[in-house]
Amino acid sequence: MRMTLSIFILVGIATSSAYPQDSSTAPHCTDICPAIYAPVCGSDGKTYSNDCALRAAGCRGTLVYKIKDGECEGSTASPCSDVCPEIYAPVCGSDGNTYSNDCELRAASCRGTLVYKIKDGACEGSTAPPCADVCPQIYAPVCGSDGNTYSNDCELSAASCRGTLVYKIKDGECEGSTAPPCADVCPQIYAPVCGSDGNTYSNDCELRAASCRGTLVYKIKDGECEDMCRRFCSRELKPVCGSNGQTYNNQCLLELAACSDPSISLVHEGPCGNPGGNGCQMFCTKEFLPVCGSNGQTFNNKCLLEEAACNDPTISLVHAGPCGTLPSQGYLPPKATPGM
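Following the UniProt record's numbering from start to finish, the sequence shown increments by one per residue and tops out at 340.
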């Protein structure tokens with residue numbers, strides 16, 4: 001009789017385990033398990049991250065029990081994660097180290113050292129890096145898991161680092177995002193910054209507003225950009241041809257013109273009309289205003305001297321007037337004959 005009662009009790013226990021209990025008394029299945037990798041092999045041949053994960057699977061309707069600690073033989077357990085989200089939501093591990101986020105802790109534990117989370121936040125005495133206070137002033141929007149649009153990855157990581165776990169959902173703005181519009185009004189202060197587009201902005205706000213409107217601009221330095229349109233060029237004669245068909249005495253003068261008209265660019269060295277840049281051919285008038293060259297030759301006008309100097313850089317202007325005439329004596333060109 002005693003044996004029969006024992007068998008009845010065992011059958012009752014097995015029956016109650018095999019079939020779901022009444023929902024009014026069934027325990028609530030856990031949705032959260034510790035983020036540790038302490039694998040166990042289940043009776044269904046699958047490897048579970050830890051005992052809690054196995055119990056959670058069994059609680060949801062499939063009868064699973066632990067066969068052994070460790071992975072199942074021939075298990076298809078997923079490999080350790082090599083890529084974790086670039087967010088700073090620190091957690092303190094059982095090894096005393098601070099990990100950037102839960103994923104980093106799980107990855108460390110998965111690689112062979114059993115580590116589990118002690119608490120959220122950095123471990124005491126940890127040298128975990130502080131949250132970023134300064135992010136690049138560029139608008140490359142990303143959508144965060146909190147539904148907010150952040151200006152760039154750095155801004156999202158900084159928000160997450162300050163206590164709210166946020167990770168990137170996608171590049172670009174969130175759908176229906178309430179991301180703040182580009183600033184239309186900036187403080188009227190002059191604290192100039194130099195932008196990557198070569199322009200000087202009145203202050204950081206003006207630069208960010210320009211970048212927000214579609215052109216990616218970031219700060220190069222505090223202070224004004226070097227104004228290329230105000231520089232001074234030498235009188236060096238090394239003609240170059242501009243894309244506007246004009247010959248400039250040197251490249252500096254071409255760049256000065258290009259500063260005011262960005263469509264102008266260098267075509268080749270040497271005057272226009274001489275694509276190879278070898279030899280010089282300048283179109284000079286027949287104006288008679290003689291000048292003296294350093295080679296002792298008198299040229300009918302300065303243009304003809306410059307043409308010769310283009311072919312022979314050793315030639316330069318000595319003075320106005322024919323050679324042999326002292327500059328102090330002056331030189332007066334002959335008066336034009338009326339009717340000529």
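Ideal placement from N, C-alpha and C gives every residue a C-beta, glycine not left out. Predicted model only: the values in this text are computed from it and were never measured.
Residues in its own chain within less than 8 Å of S263 by CB, not counting five upstream and five downstream? The residues are S243, N244.
Measure from the alpha carbon of C52 to the alpha carbon of each residue in G45, P39, S43, D44, then state which is nearest. Answer by Cα proximity: P39.
Any idea what DSSP makes of K286, helix, strand or coil? Correct three-state label for K286: coil.
Can you tell me the Cα-Cα spacing of K46 and N152, whole angstroms? 41 Å
Residue from A56, P90, G223, E71 with nearest C-alpha to A122: P90
Name, in chain order, the residues that DSSP records as bridge partners for T298. C292
So if DSSP puts T149 in a beta bridge, which residue, or which two residues, is it bridged to? C143
Status (buried if at least 16 other CB within 10 Å, exposed otherwise) for Y248: buried
Spatial distance of S24 from C59 (CA atoms): With a pLDDT of 42 at S24, under the threshold of 50, the modelled position of that residue is not reliable, and the figure given next carries that caveat. Straight-line Cα distance between these residues: approximately 15 Å.
In the DSSP output, which residue or residues are listed as bridge partners for L266? Paired residue(s): G242.
Paired residues, beta bridge with Y248 - DSSP: V240
Looking at C-alpha atoms only, which residue of L256, A140, P187 is the closest neighbour of D171? A140
Distance between S265 and C255 (C-alpha atoms, nearest Å): It should be pointed out that residue 255 corresponds to Glu in this sequence rather than to Cys. Computed Cα separation, rounded: 8 Å.
Can you give me the C-alpha to C-alpha distance between C186 and C212, rounded to a whole angstrom? 13 Å
C-beta atoms of T119 and C143 nearer than 8 Å: Looking at the sequence itself, residue 119 is Lys, so the reference to Thr does not match. No; because the gap between Cβ atoms is not below 8 Å, this pair is not in contact.
Mapping DSSP to helix, strand and coil, what is C323? The answer is coil: DSSP assigns C323 none of H, G, I, E or B.
Using a threshold of 8 Å, state whether the C-beta atoms of N50 and I67 are closer than that. no
Proximity to E307 [Cα-Cα], best of C272, Q188, S202, L156: C272
Within the segment 30–72, ranges of the alpha helix (DSSP H) (whole runs, at least 4 residues): 51–59
Measuring alpha carbon to alpha carbon, tell me which residue in E226, V267, I169, E173 is nearest V193. Its Cα nearest to that of V193, the residue E226 stands out among E226, V267, I169, E173.
Contacts around G96, its chain only, beta-carbon distance under 7 Å, and the 5 residues preceding and following it disregarded: For G96, where only same-chain residues beyond five positions count, the Cβ hits under 7 Å are C123.
For T200: DSSP bridge partner residues: DSSP output for T200 lists C194 as bridge partner(s).
Taking the C-alpha atoms as reference points, what is the distance between A309 and Y190? 48 Å
Quick one: using the 10 Å Cβ neighbour count with 16 as the cut-off for buried, is G321 buried or exposed? G321 is buried by the Cβ-count criterion.
Alpha-carbon to alpha-carbon, C33 and N101: Cα-Cα distance, rounded: 16 Å.
If you compare alpha carbons, which of D204, C110, E155, F288 is closest to D222? D204
Under three-state DSSP, which class holds C92? In the structure shown, the three-state DSSP call for C92 is strand.
Tell me which same chain residues have a C-beta within less than 6 Å of the C-beta of G42, skipping the five on either side of it? Y48, L54, V64
Going straight from the alpha carbon of K219 to that of C154, what length do you get? 16 Å
Looking at the strands, I want to know which residues DSSP matches up with T98. C92
Could you give the distance in angstroms between the alpha-carbon of D312 and the alpha-carbon of S260? In a straight line, the C-alpha of D312 is about 32 Å away from that of S260.
Would a C-beta distance cut-off of 8 Å place G293 and I315 closer than the cut-off? yes
From E104 to E224, what distance separates their C-alpha atoms? Approximately 43 Å, taken between the alpha carbons.
State the Cα-Cα distance for the pair L317 and A257, rounded to the nearest angstrom. 25 Å
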